[in-house]
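If you count the sequence shown from 1, position 248 lands on 561 in my numbering, and the numbers rise without skipping. Heads up, the thing below is written out as structure tokens.
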Amino acid sequence: MGQTQCYKILSEHLVSGELRKGESISIRIDQTLTQDATGTMAYLEFESLGLDRVRNELAVSYVDHNTVQVGFENADDHEYLRTVADNKGVIYSRAGNGICHQVHLERFAEPGKTLLGSDSHTPTAGGIGSFAAGAGGLDVALAMAGVPFSIIAPRVVEIRLHGHLKPFVSAKDVILKVLEHFGVKGNVNTVFEYTGEGVKTLSVPERATITNMGAECGVTTSLFPSDENTRAFLEAQGRGKDYIPLSADQDAQYDDLFEIDLSELEPMAACPHSPGNIKKVSELEGMAVNQVLIGSCTNSSYMDLKRAAAILSGHHVAPSVSLGVAPGSREVFLMIAEDGTLETLIKAGARILESACGFCIGNHQSPGTDSVSLRTSNRNFYARSGTASANLYLVSPETAAYSAITGVFSDPRKSSADISGITMPEKFIIDDSMFIKPTYSLEIKRGPNIGNPPMNTPLPEAVMGHAVIKVGDKITTDHIMPAGARLKYRSNIPRYAEFVFESVDPEFPKRAAMYRDKGESGFIIAGASYGQGSSREHAAICPMYLGIRAVCAVSIERIHQANLCNFGILPLIFRSEEDYSRIDQGDELELLSPKEALKTGEFILRDVTKNIDIPMDLFASEDQKKMLLAGGRLNEVRK
Ligand code: MIC
Ligand code: SF4
């Protein structure tokens, strides 16, 4: 039987386990990437392993998230990252060089390699045929130490593309269609593999838009084959030597099939407050728009900006709209500066933003009260933009640009612009001067805001306490640990912990700390798909710091489940979903014989207040069970 592309790469990298769907396996990681917001903790954790240098093939540290620098904290973080990278053998991509995923795709990602990144959008590199997954910082720190990465051998879903996109319909509309079909939950331990004739019509950056936002479905990664378009892209990047052809065998067997006729697609939008809440742009036409932002790791490539500029050319942004454009990388910035695209954007009234995550993570450009913001990014979670009452719609650069001119939600197919002549360049401007190669000579500098990674205590004999909070379905890591204005505390856990669940229940940290200080173990009660979204391990570390020992949920997303285990928090699942509604916030709870239960994975949660026993399951590998017993992975590896 033929192999899928996914299993070809996995079998090349298999270190332990049997490569069979559903089995726990570990794989060798070739490349790692970190970004500054998760990176400081990842390098602090790496330092605590006591190794003199990284052991994997390539490690890159990007600075792209915290570049606003209000106060000294971000600048200190950058200096720590620069010095620790030099000291430990990591390439440092300076602030200004661009967004990690876009830059990695341009300069480092390779077909057939494995890549682990401390950011959930690491699968962007799947657009070039790399098996690229997001993980918590500690998992990436361990991969840098040469420790294999554990995953569940995934089910592989074939997404077969036919036809070709019509003008003004774009790669973003493809992934929005995928999101409409698969939704944002229920796709754990799954890989999307794109096949079919339609694949050939998409360039590598277009493919990367699609694999980038596959993260919103919760899949482990998404993959495109490596073909002639991949070769052309790598050659245009001066990296022709990195090309290898790679695709699934003709007779590969998949677990599911979803077919898309690209020719029939139309512009789509993800509506508030979920990337899975999909409508056609034609259904939203006429709605007044206040803000349009083009950029982020999803849609900030050279071609994205060229197409947006072609639509804007000769027009001016509507008086009611603020238009911002953030090129995804310095390479893109140089390209648009050289060919006049930048001038077109400026003349159209665009505010040119730094080549960084910026608006996407709510760092700046928070929209006005109750306003409508159209963005080309990948997440429109509640309050992520910094304005809880705003309504965010995720759209293609074409829809964004055209709506910026009209001032209302508009179908870009009505634009009179000629975009037919816009094609991929044969050569990109290559300038690697913002990467700093390690010299192994600098002393590591830590500013006053940078603490040590906190450790948990081993699993106690009795886990007793209260349901400190009860939340509903689809709680994202943005709900748990806000970014935006709070990002600068990423290296300072006690301070950052003051903002856990800020947009849901601002009293949570005080309440949790009060129970913790009485010696109790805290419980979080949650609905389905708890912890979806980002890879930020702070969503486990900060609750841990506040005394949380167990999350009892209807379901938990993959990266967050791993982060909880890494920090000694039990990720427990209701055996019967209805039991979720039997527990109330404030109930007194106890896990019966937790150490014994850990062995079997079958727990009994006693609700002392209601006098009921609730069966819970722990779905964890043997390694994860050991971590949970030890109170987290750091306790284990430092033994
Ligand atoms: C995100 O898009 O949510 C982030 C910010 O890039 C996160 C990482 C983080 O929280 O630092 C992610 O996607 O993993
Ligand atoms: Fe940055 Fe946004 Fe991409 Fe996250 S999703 S890496 S914040 S651009």
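Where is the CB? At the ideal position from N, CA and C, for every residue including glycine.
Cβ-based neighbour list, residue i, same chain, cut-off 8 Å, excluding 5 preceding and 5 following
i	result
proline 710	Ser483, Lys485, Ile607, Asn612, Asp617, Leu618, Arg620, Ala621 and Thr689
histidine 494	Phe571
histidine 779	Tyr828, Glu833, Gly835, Phe836, Gly899, Asp900, Glu901 and Leu902
proline 461	Val328, Ser329, Ser339, Ile340, Arg341 and Ile342
glutamate 336	Gly330, Ile465 and Ala466
Residues of its chain near residue i, where Cβ-Cβ distance is below 7 Å and the 5 sequence neighbours each way are ignored
i	result
valine 416	Tyr375, Ser406, Asn410 and Ser642
arginine 888	Pro928, Met929 and Asp930
histidine 629	Ala661 and Gly662
serine 698	Gly675, Ser679, Pro680, Ser686 and Leu705
glycine 945	Met768, Asn769, Asn879, Phe880 and Gly881
aspartate 574	His475 and Gly476
threonine 353	Asp390, Tyr393, Leu394, Ile763, Arg803 and Ser804
lysine 750	Ile404
valine 921	Glu901, Leu902 and Glu903
Paired residues, beta bridge with residue i - DSSP
i	result
glycine 835	Ile861
alanine 565	Gly315
aspartate 920	Leu902 and Ile925
valine 604	Correcting the residue identity first, residue 604 is glutamine in this sequence and not valine. Ser635 and Ser686.
isoleucine 464	Ile338
valine 867	DSSP lists no partner for valine 867.
aspartate 574	His475
alanine 372	Thr345
glutamate 915	Asp930
leucine 327	Ile340
arginine 664	Gly637
alanine 445	Leu428
proline 884	Val864
leucine 536	Glu506
histidine 779	Glu901
leucine 707	Ala583 and Arg688
tyrosine 405	Ser374 and Ile749
isoleucine 591	Ala583
threonine 789	Gln845
beta-carbon residue i near the ligand SF4 non-hydrogen atom, thresh 7 Å
i	result
asparagine 765	no
serine 587	no
serine 609	yes
arginine 407	no
cysteine 855	no
cysteine 670	yes
arginine 692	yes
histidine 414	yes
histidine 417	no
histidine 378	yes
Burial state of residue i, where buried means 16 or more other Cβ atoms lie within 10 Å
i	result
aspartate 568	exposed
methionine 526	buried
proline 738	exposed
valine 864	buried
glycine 511	buried
serine 560	buried
glutamate 820	exposed
alanine 701	exposed
lysine 498	buried
asparagine 876	buried
serine 754	exposed
phenylalanine 566	Per the sequence shown, the amino acid found at residue 566 is glutamine instead of phenylalanine. Exposed is the call here.
arginine 333	exposed
alanine 775	exposed
alanine 730	buried
Min CB distance residue i to chain B below 8 Å
i	result
aspartate 920	Structure shown: chain B not included; a single protein chain is present.
Own chain residues within Cβ distance below 6 Å of residue i, not counting five before or after
i	result
serine 635	Gln604
tyrosine 356	Val397
arginine 726	Phe481
phenylalanine 359	Ala454 and Met457
aspartate 926	Ile917 and Arg919
tyrosine 615	Val645 and Met648
alanine 422	Ala438, Ile441 and Ser443
Residue i: CB within 7 Å of a non-hydrogen atom of the ligand FAD
i	result
leucine 618	Ligands displayed in this structure: the ligand MIC and the ligand SF4; the ligand FAD is not among them.
Worksheet item: Which residues, in chain order, sit with a beta-carbon under 5 Å away from any heavy atom of the ligand MIC?
Response: Ala350, Thr351, Asp432, Ser433, Ile674, Ser847, Ser848 and Arg849
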